[in-house]
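Undergrad: Following this message is one structure expressed as structure tokens.
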Amino acid sequence: DGGITQSPKYLFRKEGQNVTLSCEQNLNHDAMYWYRQDPGQGLRLIYYSQIVNDFQKGDIAEGYSVSREKKESFPLTVTSAQKNPTAFYLCASTLGWNTGELFFGEGSRLTVL
Amino acid sequence: AQSVTQPDIHITVSEGASLELRCNYSYGATPYLFWYVQSPGQGLQLLLKYFSGDTLVQGIKGFEAEFKRSQSSFNLRKPSVHWSDAAEYFCAVGPPTSGTYKYIFGTGTRLKVLA
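Line by line, the protein sequences are chains A and B.
Per our numbering, the first sequence runs over residues -17 to 95.
Per our numbering, the second sequence runs over residues 7 to 121.
Shown next, in the form of structure tokens:
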């Protein structure tokens, strides 16, 4: 079945370490997104990519980095510069601009110890 | 500024009672409108969407929503709530007609269902 796979589901990190969250989709979607979710704050956009080899900062990009080398993959790196990285991270995709809804992965929960 | 407001942070209803979750948006034009549901520790699942046409849209799990342009609202309704409906619900708009790809989400309404 087509869908979005995020891994790992749970991740623990020590302060000062970088960590990379994986997001893979087999929906043949052009656009991919990373959101951060904290209790009571809804979903906040970190980065998005409209097409391979191109991505834009969202509202809270500081301390994060991404790459989009393949259409199906959009990994997110949480760097040591991110001051409060403990959160639930959601990856999403859509076919393209003006074409419909976002499809979401199951999320990754990052805890900094 | 573009925004989505869900004024109710928490709502508690009894099983079998009706439900209405409120959503208001601020936008330069009529956006695409969505309702998503999220169970704890899970991703978001689309309940329904409005792009154009009939302002009353039907979704999965017996949910419906009505778009009211004059009120900039897109409220979610269900005639009879089931215990399994307990979850968090998010209203969203997008993609903006200005050409960016940004979808905007409300802060969510957590639904509790009493047996």
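Cβ atoms here follow ideal geometry from the backbone N, Cα and C, with glycine treated the same way.
Within the same chain, show all residues whose beta-carbon is closer than 8 Å to that of Phe69 (chain B), passing over the 5 residues directly before and after it, in chain order.
TA: Here residue 69 (chain B) refers to the residue found at position 63 when the second sequence is read from its first residue. Trp41, Leu53, Leu54, Leu82, Arg83 and Lys84.
Undergrad: Closest Cβ-Cβ distance between Tyr31 (chain B) and chain A: below 9 Å?
TA: Taking the second sequence and counting its residues from 1, one reaches residue 31 (chain B) at position 25. No, Tyr31 (chain B) does not count as interfacial toward chain A.
Undergrad: Determine which residues of the segment 50 to 78 of chain A have a Cβ less than 9 Å from any Cβ of chain B, and write them out in chain order.
TA: Here the close residues are Phe70, Leu72, Cys73, Ala74, Thr76 and Gly78.
Undergrad: How far does the beta strand (DSSP E) with His16 (chain B) in it extend, from its first residue to its last?
TA: Counted from its first residue, the second sequence places residue 16 (chain B) at position 10. Its beta strand (DSSP E) spans residues His16 to Ser20.
Undergrad: How should Ser104 (chain B) be labelled, buried or exposed, when 16 other C-beta atoms within 10 angstroms of its C-beta is the threshold for buried?
TA: Residue numbering aside, residue 104 (chain B) sits at position 98 when the second sequence is read from its first letter. Note on Ser104 (chain B): pLDDT 49, under 50, position unreliable in the model; the coordinate value appears next. Counting Cβ neighbours within 10 Å, Ser104 (chain B) comes out exposed, since fewer than 16 surround it.
Undergrad: List the residues that DSSP assigns as beta-bridge partners of Asp36 (chain A).
TA: Indexing the first sequence from 1 puts residue 36 (chain A) at position 54. In DSSP, Asp36 (chain A) forms a bridge with A:Ile33.
Undergrad: Since Ala121 (chain B) and Glu21 (chain B) should fall inside the 8 Å C-beta cutoff, what is the C-beta to C-beta distance between them, to a whole number of angstroms?
TA: The sequence position of residue 121 (chain B) within the second sequence is 115, counting from 1. The sequence position of residue 21 (chain B) within the second sequence is 15, counting from 1. The Cβ separation is near 6 Å, so the contact holds.
Undergrad: Between Pro13 (chain B) and chain A, is any beta-carbon pair separated by less than 9 Å?
TA: Indexing the second sequence from 1 puts residue 13 (chain B) at position 7. With 9 Å as the cut-off, Pro13 (chain B) does not count as an interface residue toward chain A.
Undergrad: According to the Cβ coordinates, are Val48 (chain A) and Thr61 (chain A) closer than 9 Å?
TA: Here residue 48 (chain A) refers to the residue found at position 66 when the first sequence is read from its first residue. Here residue 61 (chain A) refers to the residue found at position 79 when the first sequence is read from its first residue. For Val48 (chain A) and Thr61 (chain A), no; Cβs fall outside 9 Å.
Undergrad: Looking only at C-alpha atoms, which of A:Phe70, A:Lys52, A:Asp20 and A:Lys(-4) sits nearest to Val94 (chain A)?
TA: Residue mapping note: residue 94 (chain A) aligns to position 112 of the first sequence, counting from 1. For the residues A:Phe70, A:Lys52, A:Asp20 and A:Lys(-4), the minimum Cα distance to Val94 (chain A) belongs to A:Lys(-4).
Undergrad: Consider the C-beta atom of Tyr56 (chain B) and the heavy atoms of the ligand GDP; say whether any pair is separated by less than 8 Å.
TA: Absence of the ligand GDP is noted for the structure shown, with no ligands found whatsoever.
Undergrad: Quick check on this structure: which residue in A:Thr68, A:Arg50, A:Arg91 and A:Gln64 has the alpha carbon closest to the alpha carbon of Met14 (chain A)?
TA: To locate residue 14 (chain A), count along the first sequence from 1; it is residue 32. The option with the nearest alpha carbon to Met14 (chain A) is A:Arg50.
Undergrad: Would the segment 23 to 36 of chain A and the segment 112 to 119 of chain B be scored as touching if the rule is three or more Cβ pairs under 8 Å?
TA: With the cut-off at 8 Å, the segment 23 to 36 of chain A and the segment 112 to 119 of chain B touch.
Undergrad: Specify the secondary structure class of Gln77 (chain B) as computed by DSSP and reduced to three states.
TA: Here the question's residue 77 (chain B) lines up with position 71 in the second sequence. Note: Gln77 (chain B) maps to helix in three-state DSSP.
Undergrad: Looking only at C-alpha atoms, which of A:Tyr29, A:Asn0, A:Gln19 and A:Thr2 sits nearest to Ser75 (chain A)?
TA: Looking up residue 75 (chain A) in the first sequence gives position 93. When each option's Cα is compared against that of Ser75 (chain A), the closest is A:Tyr29.
Undergrad: For Gln48 (chain B), which residues in chain A fall below 8 Å Cβ to Cβ?
TA: Your numbering for residue 48 (chain B) matches position 42 in the second sequence. Result: Glu88 and Gly89.
Undergrad: If you draw a straight line from the alpha carbon of His98 (chain B) to that of Leu50 (chain B), how long is it in whole angstroms?
TA: Within the second sequence, numbered from 1, the residue matching residue 98 (chain B) stands at position 92. Within the second sequence, numbered from 1, the residue matching residue 50 (chain B) stands at position 44. First, the residue type needs correcting, since residue 98 (chain B) is Ala and not His in the sequence shown. Spanning the two alpha carbons is a distance of roughly 11 Å.
Undergrad: Any idea which residues DSSP pairs Val87 (chain B) with across the strands?
TA: Reading the second sequence from its first residue, position 81 is the one you call residue 87 (chain B). In DSSP, Val87 (chain B) forms no bridge with anything.
Undergrad: In this structure, how does DSSP classify Leu(-14) (chain A) when only helix, strand and coil are distinguished?
TA: Reading the first sequence from its first residue, position 4 is the one you call residue -14 (chain A). One detail in the question is off: residue -14 (chain A) reads as Ile in this sequence, not Leu. It is a strand residue.
Undergrad: Check whether chain A comes within 9 Å of Pro85 (chain B), counting only Cβ atoms and requiring the distance to be less than that.
TA: Here residue 85 (chain B) refers to the residue found at position 79 of the second sequence. Judged by the 9 Å Cβ criterion, Pro85 (chain B) is not in contact with chain A.
Undergrad: Is Ile42 (chain A) helix, strand or coil by DSSP?
TA: Within the first sequence, residue 42 (chain A) is the residue found at index 60, counting from 1. DSSP places Ile42 (chain A) in coil when its eight states are reduced to three.
Undergrad: Going by the DSSP bridge assignment, what does Ala23 (chain B) pair with across the sheet?
TA: Within the second sequence, the letter at position 17 stands for residue 23 (chain B). Answer is none; Ala23 (chain B) lacks a bridge partner.
Undergrad: Whole angstroms is fine: what's the gap from Leu27 (chain A)'s alpha carbon to Cys73 (chain A)'s?
TA: Here residue 27 (chain A) refers to the residue found at position 45 when the first sequence is read from its first residue. Here residue 73 (chain A) refers to the residue found at position 91 when the first sequence is read from its first residue. C-alpha separation (whole angstroms): 10 Å.
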